[in-house]
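The next block holds one structure in the form of structure tokens; read it before the comments.
Residue numbers (this note's numbering): 826 to 1072.
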């Protein structure tokens, strides 16, 4: 075992142990940690908004949300899709896995809504540039077809899952930060779809554009993107590497 980091196989074993701990967590603790994760991702997304004029800077700032989750603690739907490793190894049941994952997704949504409420109440979106830009972003996301949103969700969570993998591989804080940074930066630069980030963008935009309804948000974005995120991070990455390291 390297002093600096785990090997890929060792990392997959760490992820399996982590998944067992996640399903054993109390509902109260899981809810708190998932709300915090939704808040952190939203704060990263707000950094993206604040630096929107510069594509490189906004992509470099967004990963702060995942860094906070990795270093401080939080339960994030997209990262927790890697729990599939433990299911394939028969360390957790499908029922416990899906129950935990859905609770985390709900908590992430609550955390994102908390960020929306705080930023709106704080007058941050009194800035016309921000309010107009977030509406433009939201309408662009809602104009995607179901399949386009799903495919962008797949691509997004391949990278997010690998970012979590990289951070898990590292044993020191610097390694964990860099592990989060580059895969997440790549997905933002590429314009892929992350369901938890969208739980911030779309409700905030709905405040300023009343044609953006809750039913439209779920049908046109949350559902296809969540499915895509699960396929990318919960099926593609763990199934492929389970066959490499555990078969």
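No residue lacks a Cβ here, since even glycine has one placed at the ideal position from N, Cα and C. Just so you know, these numbers come straight off a predicted model, no measurement behind them.
Meets three-Cβ-pair contact criterion under 8 Å: the region 997 to 1006 and the region 852 to 865: Between the region 997 to 1006 and the region 852 to 865, the count of Cβ pairs shorter than 8 Å is below three; the stretches do not touch.
Endpoints, the alpha helix (DSSP H) within which residue 838 is located: Segment 833 to 849, the alpha helix (DSSP H) holding residue 838.
Entirely enclosed alpha helix (DSSP H) segments - the region 944 to 979, minimum 4 residues: Correct list: 953 to 967.
Residues sharing a beta bridge with residue 830, DSSP: Looking at the DSSP assignment, residue 830 forms a beta bridge with 995.
Chain-order list of residues whose beta-carbon lies under 8 Å from that of residue 945 (same chain, five-residue window excluded): So the list reads 1029 and 1032, once near-sequence residues are dropped.
8 Å Cβ shell around residue 958 - same chain, five flanking residues per side excluded: For residue 958, where only same-chain residues beyond five positions count, the Cβ hits under 8 Å are 874 and 877.
Check whether residue 899 and residue 850 have beta carbons under 7 Å apart: Not in contact: residue 899 and residue 850 (Cβ atoms no closer than 7 Å).
Length of the line joining the Cα atoms of residue 1055 and residue 880: Distance between the alpha carbons of residue 1055 and residue 880: 27 Å.
Beta-carbon gap between residue 962 and residue 888 smaller than 7 Å: No, Cβ-Cβ distance for residue 962 and residue 888 is not below 7 Å.
Whole-angstrom distance between residue 1050 and residue 826, CA atom to CA atom: In this prediction, residue 826 scores a pLDDT of 46, lower than 50, which makes its location untrustworthy; the coordinate-derived value is nonetheless stated afterwards. If you take the alpha carbons of residue 826 and residue 1050, they lie about 37 Å apart.
For residue 987 and residue 833, the rounded distance between their alpha carbons: Going from the Cα of residue 833 to the Cα of residue 987 covers about 11 Å.
Straight-line gap, residue 895 to residue 854 (C-alpha atoms, nearest Å): Rounded to whole angstroms, the gap between the alpha carbons of residue 895 and residue 854 is 16 Å.
Residue 865, DSSP secondary structure in three states: It is helical.
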